[in-house]
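Read the structure below first, then the notes.
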Amino acid sequence: MPDPSLHLPLCPRLPASALRWLPLVPVSLALTDFARRLAKRHPAMFRRLGGYAQARFILDPTDLPVSMLLEPRGGAPRVHVSRRKLQGDARIAGPLAGLLGMVHGAYDGDALFFSRDLVVEGDTAAVLALRNAIDDAELDLSAEAQAMSGPLSAPVKRLITLTEARTGVALSRHEEDYGW
Amino acid sequence: MVMEIVCPAGTPASLRAAVKAGAHTVYCGFADETNARNFPGLNFDRTEMRDGIAFAHSHGAKVLVAINTFARAGSEPLWHRAIANAESAGADAVILADLGLLAHAASHHPGLRRHLSVQAAAANADMINFYARTFGVKRVVLPRVLSVAEIAAINAETEVETEVFVFGGLCVMAEGRCSLSSYATGQSPNMQGVCSPASHVDYHDDAGALSAKLGGYTIHRVTKGEPAPYPTLCKGCFKADQSTGHQFEDPVSLNAEKLIPQLFKAGVTALKIEGRQRSRAYVAQVVRNFRAAVDAQAAGLPLPEGMLASLTEGQAATAGAYKKTWR
């Protein structure tokens, strides 16, 4: 596991600044479609959310000019990306690398909280439920993106691998090796 | 002989991560108030428990099921069902604290190995031997208030195996007797399985300064860049008389990896890692670290340098009561 105290990598300026002018409606639709496909493949994640499957989460990558409203909606999730201040039940803020690293098992959420790389506000119980549900789901967003890319799977994989190597951001699942 | 490492798992994914990282034994609990880590999104349903135990066994690891809260009057069947379900799922032992549950398990599930939870706060040999004679307890998890010398003295007077915490969160009180969380929120680890329940925690970030409230009480405020502790009253920052500070306990984690040789000499059987509320990333790293350490200890090699500082609360560690300096 990378050491979070060694500073999380920040999103490069070029893609970050692209989000300043990119139309966000298609981005929101694409992310909603991605989330719904994930939901179909990982229904247990929503069961684990329990009573918080209807909560509204603001995910705020602090190195991007946008934030996201994630509504799990009991397994029919919706994602809304905005440059404005969003309203929700809970807010999780930190560098994109930290947020994706938690999803992929590269970083421990509590350690990021201790080191102040991660900020949590609002319904703390909902945040815990989301963190635990995602951690248990063992998601690999790169593998999911490839699976959804059909004939473009191979170039998508190459692009992800290149981006991961260049930025240091964990874009794919951190596999636990057999230590023994 | 290799000391057994007993590793936490809050989810099936963490259980698999612990086993893959080299855990000899994993402990976990059902998703209800029968275990002392009853947090949102955490723990195992019955099917997950059965599958998790099967996975561990297929890799040569054991699973202990923590049923270590105190049964609420009138609701004992919830705890009794948990014990029965642990046995039918194939658990290698249950970890109990409640005297009534120990008696129930001994009489209704005699073939199920019984461990005494740290929540029972058994801190001397007479007490431990009483549990062994009366309820057939085979192992005791010692409270985090004993020095290495005191642990050695206990082991000299009992045949019961001893298990001690070596890494993770610390409690300032003798376990099972702390009511601080209950005072602020009405819920405690002893009864509801939650210390400082997340539903009662409120963080506020003000230009980088982080305030934490528990049950409406502001319990600490850290400045920008300063490490943050868990939102527990025992780690809170308070004003008393003329001083302001951590009146109960500093926000640090236990790390006794350097004491493994002394704990071995003191007769300790198993080393326990705290953190069922932590992620699989934490579990994998800590387990791998301690497995390397106990294997080095058994082989007579120097202990490897640890890499766990970033995972500790307040990003600082202590050997706790094992090296008592404050008495």
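Line by line, the protein sequences are chains A and B. Just so we're aligned, residue 26 is where the first sequence starts under the working numbering, counting upward by one. Just so we're aligned, residue 184 is where the second sequence starts under the working numbering, counting upward by one. Glycine included, every Cβ here is placed at the ideal spot set by N, Cα and C.
1) Going along the region 219 to 232 of chain B in order, which residues come within less than 7 angstroms of chain A, judged by CB to CB distance?
2) Report the CB separation of G113(A) from L143(A) in whole angstroms; it is logged as a contact under 8 angstroms.
3) To the nearest angstrom, how far is the alpha carbon of P27(A) from that of F139(A)?
4) By the DSSP assignment, the alpha helix (DSSP H) with M186(B) in it spans what residues?
5) Label Q468(B) either buried or exposed according to how many other C-beta atoms from any shown protein chain fall within 10 Å of its C-beta, with 16 as the threshold for buried.
6) Does the Cβ of W46(A) have 16 or more other Cβ atoms within 10 Å, making it buried, or fewer, making it exposed?
7) Please decide whether P372(B) counts as near chain E, where near means a Cβ-Cβ distance under 8 angstroms.
8) State the Cα-Cα distance for the pair P102(A) and Y413(B), rounded to the nearest angstrom.
9) I need the straight-line Cα distance from V377(B) to V181(A), nearest angstrom please.
10) Answer yes or no: does any C-beta atom of chain B fall closer than 8 angstroms to that of G123(A)?
11) Could you work out which residues of chain B lie near R141(A), taking near to mean beta carbons separated by less than 9 angstroms?
12) I'd like to know whether the C-beta of D385(B) is nearer than 8 angstroms to at least one C-beta of chain A.
13) Between the Cα of T415(B) and the Cα atoms of T406(B), C354(B) and A256(B), which residue gives the shortest distance?
14) Using DSSP's beta-bridge definition, name the partner residues of S426(B).
15) Are the beta-carbon atoms of F350(B) and N438(B) separated by less than 8 angstroms?
16) Does DSSP classify P180(A) as helix, strand or coil?
17) Give a yes or no on whether the minimum CB-CB distance between A136(A) and chain B is below 8 angstroms.
18) Looking at the structure shown, is Y210(B) part of a helix, part of a strand, or coil, going by DSSP?
19) Using the DSSP secondary-structure output, state which residues sit across from M93(A) in a beta bridge.
20) Smallest Cα separation from V106(A): which of S167(A), S174(A) and P90(A)?
21) Check whether the Cβ of V128(A) lies closer than 8 angstroms to any Cβ atom in chain B.
22) With a threshold of 16 other CB atoms inside 10 Å of the CB of R510(B), please say whether the residue is buried or exposed.
23) Please decide whether D161(A) counts as near chain B, where near means a Cβ-Cβ distance under 8 angstroms.
Reading it off the structure:
1) F222, P223, G224 and L225
2) So it is not a contact: roughly 16 angstroms between Cβ atoms.
3) Confidence in P27(A) is poor, its pLDDT being 49 and thus under 50, which makes the residue's placement too unreliable to answer from.
4) No alpha helix (DSSP H) holds M186(B); DSSP gives it neither H nor E.
5) buried
6) exposed
7) Looking at the structure shown, chain E is missing, and the protein chains on hand are A and B.
8) 30 angstroms
9) 44 angstroms
10) no
11) G391, L393, V405, K407, G408, E409, P410 and A411
12) yes
13) C354(B)
14) A423(B)
15) yes
16) helix
17) yes
18) strand
19) L84(A) and V106(A)
20) P90(A)
21) no
22) The predicted model places R510(B) with a pLDDT of 47, which falls under 50 and marks its position as unreliable, so this point remains unresolved.
23) yes
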